[in-house]
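In terms of our numbering, the sequence shown is residues 32 to 364. Quick notes on the structure that follows.
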Amino acid sequence: NKMSISPSYLSLIPTKQPILLDHHLRSSRLGVKVAKSERERKEQRKMSRKTLDCLTLSDIEAQGIPSETAVKINQKLAQIVRNHGSSSPQTWQCISKQVLNPDLPFSLHQMLYYGCYKDFGPDPPAWLPDLESARLTNVGQLLERCGKEFLGPRYKDPMLSFSEFQEFSVSNPEVYWKSIFREMGILFARPPHCILRESSSDPGGQWLPGCLLNPAKSCLSLNANRNLDDVAIVWRDEGEDDVPIKKMTLRELRTEVWLVAHALSALGLPSGSSIAIDMPMNVDAVVIYLAIVLTGNIVVSIADSFAPTEIATRLRIAKAKAIFTQDTIFRGG
32 NKMSISPSYL SLIPTKQPIL LDHHLRSSRL GVKVAKSERE RKEQRKMSRK
82 TLDCLTLSDI EAQGIPSETA VKINQKLAQI VRNHGSSSPQ TWQCISKQVL
132 NPDLPFSLHQ MLYYGCYKDF GPDPPAWLPD LESARLTNVG QLLERCGKEF
182 LGPRYKDPML SFSEFQEFSV SNPEVYWKSI FREMGILFAR PPHCILRESS
232 SDPGGQWLPG CLLNPAKSCL SLNANRNLDD VAIVWRDEGE DDVPIKKMTL
282 RELRTEVWLV AHALSALGLP SGSSIAIDMP MNVDAVVIYL AIVLTGNIVV
332 SIADSFAPTE IATRLRIAKA KAIFTQDTIF RGG
């Protein structure tokens, strides 16, 4: 069997000839050795890096930095280390904003990055959002409203308290998931008996036992964060790149979905019927998809690029009772 080896590993193999391996085991062993060797090289590079508090002016100049610029970088670096320590995500955040820029050699970026995270552990963050950006995220807004309820006086802000919040979500699934369902406006026709039912006979547990819900109903419902004039869908039709994007409000979406849902109900199909959609992903397909789910039926998605025989096969396997399609499809404008 031929073995494909990525370019980053080629320097580890002392040959210029194509490598042919006649046994999977040999391929496996070589792959393990190569991967292990690469990890060892990364660890060696990491161990050889100096921590930020040990860097000197000469180290900075050695990256091709002019002396005058190197002095300024060294002074700013020393100030950041005094204020935030030599190894923390906050330290790197300050360095990336106040010291580094795209015009400086990449080797300097690497030296400061690995110097900052020398003793951090695996997967140190290369980028962190600022606090205001973090507060605008969905999880940030949730924590700003409910952080003290979840974590008590330990809550500080969405960034500093995120790890503790993640631990809370795992150890308190009842509280966490009920809050998430409320935030998302999930409507249960019949609420679950509990969030997670664990048992020795079911290692994965049973989520939301006893519940009954219709996802389309939740998508179309109103709540404190959603009104009828809110934009629900934004799109641009194929071949209309120069035309302004189109928008559909929640009011318009509800009207369109209900029209299709009533038409489906008029067909007299039994509840739970399979109904196919063989269309491009356009606004009409979204309306049809929601209508099928809203009426308690099952969507069978079929790619519009399939040949007639492939479409027929999927209709037969799914035992579809009806199909939505369209007369023409534009390709590439």
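Here a beta-carbon is modelled for each residue, glycine too, at the ideal position from N, C-alpha and C. Bear in mind that the values here come from a model prediction, so they are computed numbers and not experimental data.
- In the DSSP annotation of this structure, the continuous segment of the alpha helix (DSSP H) that includes D315 starts and ends at 314 to 325.
- The DSSP assignment places 233 to 238 as complete runs of the beta strand (DSSP E) inside the region 233 to 261, in order along the chain (cut-off: 3 residues).
- Bounds of the beta strand (DSSP E) holding F355 are 353 to 355.
- Membership of V274 in any alpha helix (DSSP H) is not indicated, and neither H nor E is assigned to it by DSSP.
- Per DSSP, R213 is one residue of the alpha helix (DSSP H) stretching across 204 to 215.
- Within the DSSP secondary-structure output, V331 pairs in a beta bridge with A307.
- Beta bridge pairing from DSSP links W158 with no other residue.
- The count of Cβ pairs closer than 8 Å, one atom from the region 233 to 249 and one from the region 311 to 318, stays below three, leaving the stretches out of contact.
- A Cβ-Cβ separation of about 6 Å places A101 in contact with L88 under the 8 Å criterion.
- The alpha-carbon of L182 is positioned some 31 Å away from that of K149.
- When the five nearest sequence neighbours on each side are left out, the beta carbons in the same chain lying within less than 6 Å of the beta carbon of E269 are those of F361, in order along the chain.
- Taken in chain order, the unbroken stretches of alpha helix (DSSP H) that lie wholly in the region 122 to 201 and span 4 residues or more are 137 to 147, 162 to 167, 169 to 182.
- By the Cβ neighbour-count rule, A292 is buried, with 16 or more other Cβ atoms within 10 Å of its own.
- Rounded to whole angstroms, the gap between the alpha carbons of R166 and P189 is 6 Å.
- Looking at the DSSP output, I264 sits in a beta bridge with M279.
- Look at E287 here: in three-state DSSP terms it is helix.
- Judged by pairs of C-beta atoms under 8 Å, the region 214 to 228 does not touch the region 187 to 202, as fewer than three such pairs exist.
- Setting aside the 5 residues that flank it on each side, S296 is surrounded in the same chain by T326, each with a C-beta closer than 8 Å to its C-beta; the list follows chain order.
- V265 places its beta carbon less than 8 Å from that of K278.
- Closest by C-alpha distance to I91, out of K128, G146, S118, is G146.
- Per DSSP, E99 is not a residue of any beta strand (DSSP E); the alpha helix (DSSP H) it occupies stretches across 98 to 115.
- Under the DSSP assignment, E229 falls in the beta strand (DSSP E) whose first and last residues are 227 to 230.
- It is roughly 39 Å from the alpha-carbon of P133 to the alpha-carbon of F199.
- Separation of R282 and V262 (C-alpha to C-alpha, rounded to the nearest whole angstrom) is 9 Å.
- Taking 8 Å as the upper bound for CB-CB distance, L321 and C250 are in contact here, some 6 Å apart.
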